[in-house]
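Student:
Chains as they are written, first to last, in this note's numbering: chain H, 4 to 404; chain F, 6 to 249.
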């Protein structure tokens with residue numbers, strides 16, 4: 004079955020990799036040639052139908068696409084407003100949308116003759132997806148993970164090791180996703196001749212925000228065809244913003260469709276209490292791109308917090324920064340507490356355990372769905388499954404609940 | 006403006022590390038050792054081009070309260086004490102956040118003559134280049150072993166003060182061996198550059214300095230110097246020894 008894969012054709016970055024003012028290529032000189040080669044390699048792949056048909060075959064046979072568009076009837080009845088549809092990215096192999104991007108980049112890396120892969124991971128979803136494709140295609144794999152996350156996600160570390168990856172615990176800085184990304188970039192600077200960096204989100208230097216968005220765009224295209232009409236609202240959580248970009252890319256030119264990106268509001272609006280870069284940050288430069296960034300008055304990157312490790316990141320994809328300024332997408336923050344409530348609600352009403360990341364998108368629906376009318380379709384990206392979060396949720400809610 | 010004699014040894018110090026006094030004394034020691042200027046890192050939370058030694062120094066400096074503001078004040082005092090001009094090294098966000106214009110003006114007012122921003126490649130430097138010229142600051146470009154020949158020429162034309170030739174694929178930090186093609190790379194850089202070429206990253210021994218300065222104007226010594234500073238060793242003797 005041919006899936007709706009292929010590059011996004013509108014709202015593209017300019018020749019400098021900028022979406023409006025945002026994006027660009029703020030990296031050490033050592034990486035410039037590799038990024039130029041990646042850009043050229045991706046341009047060749049874009050023009051080659053065999054690349055996309057190969058990707059389509061892997062997405063279908065290996066990842067299990069297309070993922071269902073699921074009518075959440077009990078949730079719809081519970082909120083008593085919009086018809087709620089869940090795009091079931093949690094049903095992808097490895098349990099999240101991350102595999103869409105990893106398959107695309109692994110095929111690209113193979114075409115470009117790179118035999119070694121590095122990647123960063125927070126909670127481990129992207130690390131597991133990367134380790135999985137490396138096993139599948141016989142590539143060497145090194146995953147950088149903050150020491151704090153290694154401790155919190157011991158099972159995912161073992162999962163990656165089972166898949167043949169080497170997991171490096173990162174002890175610098177805040178010892179979380181941001182620092183794992185720094186270390187993956189440092190590795191790439193030293194090994195760029197034979198190594199490809201599979202960045203996990205629509206962040207980083209050009210062309211990563213473009214190619215990750217393109218590999219995730221299958222989400223929105225499938226959902227649109229499956230629904231068969233225009234939704235009133237499309238909602239997705241935003242950390243780096245890859246599932247949201249993949250969902251929104253298809254709808255962004257349809258002016259009647261309201262697009263909502265939901266950030267991690269944590270437990271407050273002070274520094275270190277949340278990870279809502281678009282809602283509370285200001286433009287700055289991190290990990291190769293100019294984008295909204297949580298930073299102090301002098302430009303030091305701030306600590307972040309979210310109950311969801313996948314959203315716990317101080318930056319965001321530059322195209323989201325552009326969409327925020329152009330007001331095409333609304334970005335809002337929901338709290339840890341609201342996300343936890345939505346997590347439990349989906350378990351109870353639909354028999355689906357969502358990732359805490361995806362629960363943020365649901366938490367916004369909990370606020371807004373009841374004020375919408377029953378003939379309006381509310382399309383939610385359920386970006387991942389929540390098995391990884393069960394222990395954390397249990398700890399936070401207590402065993403009694 | 007940066008001016009460099011033959012066989013220059015340029016020490017790299019992290020502002021305010023391992024303590025404010027020790028930092029200032031190290032700058033003075035560099036002057037006594039015959040260094041023509043010093044490079045000073047303004048610490049950033051996410052130094053992606055730096056290896057473990059400079060990362061640790063940056064993190065500790067930040068924890069001890071070395072802000073951009075404080076760094077500029079320390080640069081001013083180090084310049085005053087040592088009589089040497091300073092070249093600042095920092096990351097794009099700190100410069101962007103302060104405003105390119107204001108950052109350059111403030112750096113010049115503190116006695117800075119040059120600026121190195123390792124995550125601001127040529128394609129992103131137009132605006133800072135213009136601002137730095139207006140402030141009388143030389144914006145130094147970096148070239149690396151992965152830089153293609155044509156681009157190396159372009160960098161050598163655009164760089165001001167000197168061209169910072171990164172000796173290795175990788176981050177800062179001491180290394181036993183330099184890239185085996187380094188001599189060839191230096192020769193190419195020297196041949197095409199409008200400004201002198203200085204080599205940095207991984208330089209730590211007099212042998213390496215000798216090898217590199219056969220062709221290049223000078224070397225930059227960072228991590229190896231910080232390691233000695235951290236251990237409380239005599240940095241003047243170390244810097245002197247490098248040019249033996």
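Positions of the beta carbon are idealized from the N, C-alpha and C atoms, including for glycine. Source: prediction; values computed, not measured.
1. Counting only C-beta atoms, is residue 98 of chain F closer than 8 Å to chain H at any point?
2. If you compare alpha carbons, which of F/115, F/159, F/109 and F/51 is closest to residue 67 of chain F?
3. Along the stretch 199-212 of chain H, where does the CB come closer than 9 Å to a CB of chain F? Name the residues.
4. DSSP three-state label for residue 109 of chain H, please.
5. Should residue 95 of chain H and residue 221 of chain H be called a contact, given that it needs their Cβ atoms to be closer than 8 Å?
6. Please compile the residues from chain H whose C-beta is within a distance smaller than 8 Å of the C-beta of residue 174 of chain F.
7. To the nearest angstrom, how far is it from the Cα of residue 383 of chain H to the Cα of residue 61 of chain H?
8. Considering only DSSP beta bridges, list what residue 338 of chain H is partnered with.
9. Helix, strand or coil, according to DSSP, for residue 404 of chain H in the structure here?
10. Determine, for residue 200 of chain F, whether the minimum Cβ-Cβ distance to residues of chain H falls below 8 Å.
11. Can you list, in chain order, the residues of its chain with a C-beta nearer than 8 Å to that of residue 335 of chain H? Leave out the 5 residues immediately preceding and following it.
12. Rank H/115, H/16, H/64 and H/76 by C-alpha distance to the C-alpha of residue 44 of chain H and give the top, closest one.
13. Which one of H/192, H/81, H/337 and H/304 has the shortest CA to CA distance from residue 177 of chain H?
14. I'd like to know whether the C-beta of residue 179 of chain H is nearer than 8 Å to at least one C-beta of chain F.
15. Please state if the CB of residue 139 of chain H and the CB of residue 218 of chain H are separated by a distance shorter than 8 Å.
16. Taking only runs that begin and end inside the stretch 113-169 of chain F, name each unbroken alpha helix (DSSP H) of 4 or more residues, in chain order.
17. So with Cβ pairs under 8 Å, would you call residue 36 of chain H a contact of chain F?
18. Do we get a CB-CB distance below 8 Å when we pair residue 17 of chain H with the residues of chain F?
19. Are the C-beta atoms of residue 146 of chain H and some chain F residue less than 8 Å apart?
20. Kindly indicate which residue of H/372, H/328, H/16 and H/98 has the alpha-carbon position closest to the one of residue 238 of chain H.
21. Shorter than 7 Å, the distance from the beta carbon of residue 128 of chain H to the closest heavy atom of the ligand MN, or not?
22. Could you give the distance in angstroms between the alpha-carbon of residue 333 of chain H and the alpha-carbon of residue 188 of chain F?
23. Is the CB-CB distance between residue 116 of chain F and residue 84 of chain F below 8 Å?
24. Kindly list the residues whose CB is nearer than 8 Å to the CB of residue 13 of chain H, restricted to its own chain and excluding five residues on each side of it in sequence; keep chain order.
25. Would a C-beta distance cut-off of 8 Å place residue 119 of chain H and residue 198 of chain H closer than the cut-off?
26. Does any CB atom of chain F fall closer than 8 Å to the CB of residue 287 of chain H?
27. Please list the terminal residues of the continuous alpha helix (DSSP H) segment that includes residue 34 of chain F.
28. Tell me whether residue 198 of chain H sits in a helix, a strand or coil according to DSSP, three-state version.
29. Can you confirm whether residue 50 of chain F, when its beta carbon is compared against all beta carbons of chain H, has any partner nearer than 8 Å?
30. DSSP three-state label for residue 143 of chain H, please.
31. Taking residue 304 of chain H as the query, report the chain F residues whose CB atoms sit under 9 Å from its CB, ordered along the chain.
32. Assuming residue 343 of chain H and residue 399 of chain H make a contact with CB atoms under 8 Å, what is their CB distance in whole Å?
33. At 9 Å on the CB atoms, spell out the chain H contacts of residue 171 of chain F, in chain order.
34. For the alpha helix (DSSP H) that residue 246 of chain F lies in, which residues bound it at each end?
35. For residue 209 of chain F, collect the residues of the same chain with a Cβ closer than 6 Å to its Cβ; drop the 5 residues on either side in sequence, then sort them by chain order.
36. Taking the alpha-carbon positions, what's the residue 240 of chain H to residue 364 of chain H distance?
Tutor: In short, the structure shows the following:
1. yes
2. F/51
3. Cβ contacts with chain F: none found.
4. helix
5. At least 8 Å separates the beta-carbon of residue 95 of chain H from that of residue 221 of chain H.
6. 33, 192, 193, 194, 195 and 196
7. 25 Å
8. H/269
9. Residue placement at residue 404 of chain H is flagged as unreliable, the pLDDT there being 46, under the threshold of 50; the coordinate-derived value follows with that caveat. DSSP places residue 404 of chain H outside both helix and strand once states are collapsed to three, so it counts as coil.
10. For residue 200 of chain F, the nearest beta carbon of chain H is not closer than 8 Å to its own beta carbon.
11. 263, 264, 265, 266, 282 and 367
12. H/115
13. H/304
14. no
15. For residue 218 of chain H and residue 139 of chain H, no; Cβs fall outside 8 Å.
16. 131-140 and 154-163
17. yes
18. no
19. no
20. H/372
21. For the structure depicted, the ligand MN is absent and the ligand set is empty, with no information on it obtainable.
22. 55 Å
23. In contact: residue 116 of chain F and residue 84 of chain F (Cβ atoms closer than 8 Å).
24. 255 and 256
25. For the pair residue 119 of chain H and residue 198 of chain H, the CB atoms are nearer than the 8 Å cut-off.
26. yes
27. Start and end: 25-37.
28. It is a strand residue.
29. yes
30. In the three-state scheme derived from DSSP, where H, G and I count as helix and E and B as strand, residue 143 of chain H is classed as strand.
31. Here the neighbours are 49, 50, 51 and 98.
32. 6 Å
33. 31, 32 and 33
34. The continuous alpha helix (DSSP H) containing residue 246 of chain F extends over residues 240-247.
35. Short of 6 Å from the beta carbon of residue 209 of chain F, and not among the five residues preceding or following it, lie these beta carbons of its own chain, in chain order: 179 and 229.
36. 5 Å
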